[in-house]
Structure formats: C-alpha cells, structure tokens
Amino acid sequence: MHSSVKQFENELPLLETKTDLFFDWDSHLRLLDSPSIPARTPSHRTYGNSSLVEPLHKYPHVGAVDEFGQFEYVHDPTILLHHQQQQLAEKIQLLDEEKTDLCAPIGYGPEGGKDLARQFFHDHVQVASPLSEKEAKTIKVFCAIYTHARNRDQTAAIRQTWGKRCDGFMAASTETNHDTATVHIPHQGPYQGQYKGIWQKVRSMVAYFHDNFIEDYDYLFLSGDDTYVIMENLKVFLLEKSKEIEVGSPYFYTGARTHPIWTKNKKGYDPTFFYMGGGAGYVLSRNTVRSIVQNVFPKCHADTVGSAEDVYMARCLRNMLNVTGLDSRDDQERDRFIQYDPLRRVALPNPSDRHFMRYVRLQNTWLAERHNWTAKYGIQSIAPSVISFHMIQPAVKMRRYDRLLYGAKDETYEKLDCG
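This is the structure:
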C-alpha cells in the first residue's frame with residue numbers, strides 16, 4: 369500500500385472477518401486443478417507493438433496496450449540495461465534549484481538532518497559489492513513499480529537511479545513509452561491510475577509478469593514510485609535466503625513485517641495477522657508468483673476495489689497458500705525494509721513527531737508481544753545492509769539519496785557539474 373500512516377489507518381475497515389484469514393486446504397487443493405493462462409517462453413515472445421484492439425483474455429490477464437491503444441503489447445524489461453551498454457543511459461536534467469539540492473554538502477540537501485544524515489549515509493549504510501557472475505545467474509530480479517502519467521519525473525528518477533540496477537524493470541502506468549520502460553497495464557474496475565485502484569493494478573501487474581517474463585527471473589520486487597532500493601543489498605540478501613528456500617517452503621514472500629493499526633472493536637480484528645508493507649516494497653519468488661496467479665487470484669479478492677494491495681496480498685497468501693512472510697531483519701534484529709524515510713526513523717525518539725512516534729511504538733509493541741522481537745529505535749533499528757526506503761519524494765530527493773549512497777561508484781554523478 370502506497371500511503372501515509374494516516375491514509376493506511378483509514379483503509380483498515382476494509383479487512384473482513386477473522387475466519388477469512390484461516391488457511392483452507394480444501395480450497396487450495398481444488399485450485400491446483402484450476403485452468404490458467406500459460407506463461408510465454410522466450411521463444412514465443414516478440415517485444416513491441418501489436419494490432420489487437422480488444423484483449424484476448426479476461427482480467428487480470430488482459431496484458432498491456434501500446435501507445436496506440438492496441439493490446440498484446442510486450443514490454444522489453446531489459447531496455448534500461450541496453451541503454452547502459454550502448455552508453456545511452458538517461459542523463460539527469462536539473463533545474464538550478466534541483467542542482468543545488470543534489471550538490472549540497474551532506475545534511476544540507478533535501479535529506480536535512482545535518483549530523484544525522486552524515487551518520488546514516490556516510491557511516492552506517494553499507495552498499496554491498498555486486499554479485500559474482502556465477503551468483504548473479506541465480507538471483508535475477510524483476511522490478512515492477514506502480515505509477516501514473518502525472519508522476520513522470522518520479523519514475524524518471526527511479527530509472528536514473530536504482531531502476532537501472534534491476535535485471536528487468538517495468539513502470540506500470542497509464543501510458544506506454546518503450547524508451548522509458550513505461551507500460552500501460554489496464555486493470556479491472558474503476559480508478560485507472562488512481563490510489564483506490566492499486567489492488568487491481570497490482571493483480572494485473574503480477575499477472576503480466578507471470579504471462580510474459582516468469583521464466584527469465586527468479587524474483588519479483590513490487591513497490592510504488594516513491595520507494596528507493598539498494599539493489600546490491602537486495603541481491604545479497606536473496607542469495608543468502610535462497611539457501612533456506614531450497615530446504616524449506618517452496619514459497620518466498622518478504623518485506624517489512626507490519627501489523628495493522630486496529631482495535632478489537634474493528635471489523636476483521638485478528639491479532640495474529642501481519643503483512644509485508646507495500647511502502648517499502650516486497651519480494652515474491654518465481655514459484656510464489658506462479659501459485660498466486662494460477663491458484664490464488666481467481667478466488668481471493670478477485671473483484672475487490674481498494675488501495676490496500678499489501679494487506680490483500682498478505683491475506684490471500686495466508687488464506688490460500690499458508691504463507692505469512694519471511695523475517696527480513698539482519699542477525700542483530702535490525703530492519704532491512706523501511707516503511708518510511710529512514711532519516712525520520714533515525715531521529716527517533718522525537719517528541720515533535722508525535723503521530724509517527726505513536727505509530728512506531730505500536731508496531732514495536734505488537735512485534736514484541738507476537739514475535740518476541742526486541743523494540744529498537746533510532747539508527748540501531750536499521751540494518752547497515754538496509755534494502756529499501758519509502759516516501760522518497762520529490763524526484764530530486766530520490767536522486768540525492770542515490771548520490772549520497774553511490775557517489776563516485778556511479779559515473780552519472782562523476783559527470784554531474786556541481787561547480
């Protein structure tokens with residue numbers, strides 16, 4: 369779910385009854401025999417435009433439309449990699465005030481925080497080395513963000529920063545542009561390109577990945593357009609966790625473990641329920657995506673309209689596949705997926721940020737009671753191997769964080785004239 373804490377709290381009544389969250393093996397076994405749309409293999413795939421004015425399949429499998437409004441468009445998820453290889457990578461174009469923000473000394477740009485910013489970006493966060501060529505073959509990540517045409521600058525910032533480090537990338541929007549990796553993926557119901565339509569948007573995005581690219585990638589990373597990701601840290605984390613998958617569950621689902629902020633008198637109250645917060649993004653393995661699309665989507669919240677895509681995804685995984693999500697913290701119980709701007713969390717405890725303080729304390733209390741997690745605050749609550757942040761906007765802030773983390777490691781910033 370792509371929202372502020374207050375917006376999130378307003379979505380909580382959407383939860384249904386407690387019994388809806390229990391796992392139903394009978395339904396699961398029946399679904400294993402349900403019909404599905406076969407995934408395209410590389411040999412059956414053609415990138416580019418089509419000539420179909422009507423979709424061949426029903427939602428969520430209608431696919432994408434090209435810039436002329438015709439269906440069966442197949443996006444090239446490697447377009448950003450091709451641009452880099454051909455030295456055509458998108459240049460950062462800045463207004464004077466944006467250049468000032470991007471080039472300012474640490475702590476004096478849009479991040480603010482002064483000493484806290486230096487402590488976090490310079491002393492605390494560690495960007496991992498890229499995987500070896502052998503390792504990289506087993507950890508291929510497809511990044512899919514949901515956005516809309518009015519946020520072109522935000523999606524451009526993602527392409528110029530962490531998006532280009534994904535093995536495959538797609539910005540699911542309300543328009544298609546091959547060169548910017550933007551794809552118009554219609555979804556069921558109203559609210560195309562709007563906040564209330566995010567759940568149906570995500571259903572169509574996941575189905576599109578399944579139908580076209582699933583055999584080429586090991587993991588799907590889903591987020592909104594104000595999420596920032598340190599891709600090297602994500603891949604190292606997935607490499608470590610992949611060993612656990614081989615000997616355990618065939619399913620993999622992880623992110624920022626989050627508890628709904630609800631009270632006992634709210635509809636659907638279940639103190640055992642948690643989900644992977646969509647703000648920080650979450651990860652699904654290939655087998656998990658396959659089961660979601662083929663076995664879960666036809667029966668779970670198929671017609672639901674709402675913005676709480678992360679809550680619906682978690683409920684469907686729990687109810688249909690008995691999957692609740694993997695602990696993503698490091699060995700010192702520090703978080704890798706951060707549901708908000710990290711500097712806001714580093715500043716805690718902060719009496720002037722009372723609403724946020726209350727939210728974090730409620731989360732920590734629940735995690736301590738239900739999972740025996742130790743409550744942590746400030747910089748010690750964030751792992752040096754942190755993977756993602758949320759609420760990183762406007763676009764210049766996305767670029768700024770990337771420059772603070774990568775600096776000379778990325779030639780984009782070497783060419784930037786900070787005078």
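Okay, so the sequence shown: first residue is 369 according to our numbering, each after it adds one.
From the three backbone atoms N, C-alpha and C, an ideal C-beta is built for every residue, glycine too.
With residue i and residue j assumed to form a contact (beta carbons below 8 Å), what rounded beta-carbon distance in angstroms separates them?
i: residue 656; j: residue 619; result: 5 Å
i: residue 623; j: residue 708; result: Not confirmed; about 14 Å, so no contact.
i: residue 509; j: residue 569; result: Not really, about 20 Å apart at Cβ, beyond 8 Å.
i: residue 432; j: residue 551; result: 5 Å
i: residue 492; j: residue 752; result: 6 Å
i: residue 326; j: residue 447; result: The requested residue 326 does not occur in the structure, where the chain is confined to residues 369 to 787.
i: residue 497; j: residue 586; result: Not quite, the Cβ-Cβ distance comes to about 19 Å (not below 8 Å), so this is no contact.
i: residue 439; j: residue 465; result: The Cβ separation is near 42 Å, so there is no contact.
i: residue 564; j: residue 674; result: 7 Å
Mind checking residue i: buried by the 16 CB within 10 Å criterion, or exposed?
i: residue 736; result: exposed
i: residue 695; result: exposed
i: residue 723; result: exposed
i: residue 719; result: exposed
i: residue 522; result: buried
i: residue 411; result: With a pLDDT of only 41 at residue 411, under 50, the local geometry of the prediction cannot be trusted, and no value is derived from it.
i: residue 775; result: exposed
i: residue 541; result: buried
i: residue 400; result: Residue placement at residue 400 is poorly supported in this model, since its pLDDT is 31, which falls under 50; the coordinates are not used for a value here.
i: residue 687; result: buried
i: residue 424; result: exposed
i: residue 581; result: buried
i: residue 515; result: buried
i: residue 592; result: buried
i: residue 786; result: exposed
i: residue 500; result: exposed
To the nearest angstrom, how far is the alpha carbon of residue i from that of residue j?
i: residue 642; j: residue 712; result: 23 Å
i: residue 754; j: residue 560; result: 33 Å
i: residue 609; j: residue 588; result: 15 Å
i: residue 463; j: residue 536; result: 29 Å
i: residue 627; j: residue 664; result: 22 Å
i: residue 573; j: residue 427; result: 11 Å
i: residue 770; j: residue 529; result: 6 Å
i: residue 617; j: residue 693; result: 11 Å
i: residue 767; j: residue 746; result: 24 Å
i: residue 772; j: residue 749; result: 20 Å
i: residue 666; j: residue 689; result: 13 Å
i: residue 729; j: residue 743; result: 8 Å
i: residue 681; j: residue 649; result: 12 Å
i: residue 685; j: residue 487; result: 38 Å
Mind checking which residues open and close the beta strand (DSSP E) that includes residue i?
i: residue 541; result: 536-541
i: residue 479; result: Here residue 479 belongs to no beta strand (DSSP E), and DSSP marks it neither H nor E.
i: residue 439; result: 439-441
i: residue 653; result: 650-653
What residues are listed by DSSP as bridge partners for residue i?
i: residue 592; result: 514
i: residue 485; result: DSSP, once it has assigned bridges, lists no residue as partnering residue 485.
i: residue 552; result: 433, 541
i: residue 337; result: This structure gives no information on residue 337, because the portion of the chain shown stretches from 369 to 787.
i: residue 756; result: 597, 705
i: residue 625; result: 644
i: residue 679; result: Looking at the DSSP assignment, residue 679 forms no beta bridge with any residue, so it has no partner.
i: residue 694; result: 622
i: residue 509; result: 587
Assuming residue i is part of the alpha helix (DSSP H), what are its boundary residues?
i: residue 502; result: 501-504
i: residue 749; result: Unbroken run through residue 749: none, as it is neither H nor E.
i: residue 727; result: 722-739
i: residue 769; result: 763-774
i: residue 786; result: Note, residue 786: premise wrong, no alpha helix (DSSP H); not H, not E.
i: residue 577; result: 566-580
i: residue 496; result: Segment: none, residue 496 is in no alpha helix (DSSP H) and carries neither H nor E.
i: residue 452; result: 447-453
i: residue 470; result: 464-471
i: residue 528; result: 520-528
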